[in-house]
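Asker: Once you've had a glance at the structure underneath, I'll fire off some questions.
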Amino acid sequence: QVQLVESGGGLAQAGGSLRLSCAASGISARAYNMGWYLQAPGKQRELVATIDIGGSTDYADSVKGRFTISRDNTKNTVYLQMNSLKPEDTAVYYCNAKSSFYSNNFWGQGTQVTVSS
62 QVQLVESGGG LAQAGGSLRL SCAASGISAR AYNMGWYLQA PGKQRELVAT
112 IDIGGSTDYA DSVKGRFTIS RDNTKNTVYL QMNSLKPEDT AVYYCNAKSS
162 FYSNNFWGQG TQVTVSS
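For the sequence shown, the positions run 62 to 178 when this note's numbering is used.
Written out as structure tokens, the structure is:
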């Protein structure tokens, strides 16, 4: 059974930091392109950041320079370091594991991030 378990969400003040973790089980995360997405109330889920198998990263314009995605394949875990948080970052953050080779696309259950002004 594949599981992606997010942690590290919570309440932060504007300008503060949070670090999200996504621990994968049932898959070898090193074989998957990993990503973080957010979904604000009443809005569609949108991309925050991705890191591919080779370690190349991509970010939404709204988080460039503030968020950093990384992976530790030895721990089967992906991280999202969130700095200089803004109230508009408030959302549920979801971890994603995608493999075109295996034709798989997995999602975590999400973790709430709330940024107060």
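Even glycine gets a Cβ: it sits at the ideal position worked out from N, Cα and C.
Can you name, in chain order, every residue of its own chain whose Cβ lies under 6 Å from the Cβ of Q142, other than the five neighbours on each side?
Answerer: R80, T129
Asker: Pull up the distance between the alpha-carbon of C83 and that of G103, whole angstroms please.
Answerer: Spanning the two alpha carbons is a distance of roughly 24 Å.
Asker: Between the segment 84 to 97 and the segment 150 to 170, are three or more C-beta pairs nearer than 8 Å?
Answerer: yes
Asker: Does A90 come out as helix, strand or coil in the three-state DSSP assignment?
Answerer: helix
Asker: Figure out for me which residue from Q62, A75, S89 has the closest Cα to the Cα of V139.
Answerer: With distances taken between CA atoms, V139 lies nearest to S89 out of Q62, A75, S89.
Asker: How is D122 classed by DSSP in three states: helix, strand or coil?
Answerer: coil
Asker: For D113, which three-state DSSP category applies?
Answerer: Three-state result, D113: coil.
Asker: So what does S177 bridge to, in DSSP terms?
Answerer: Q74
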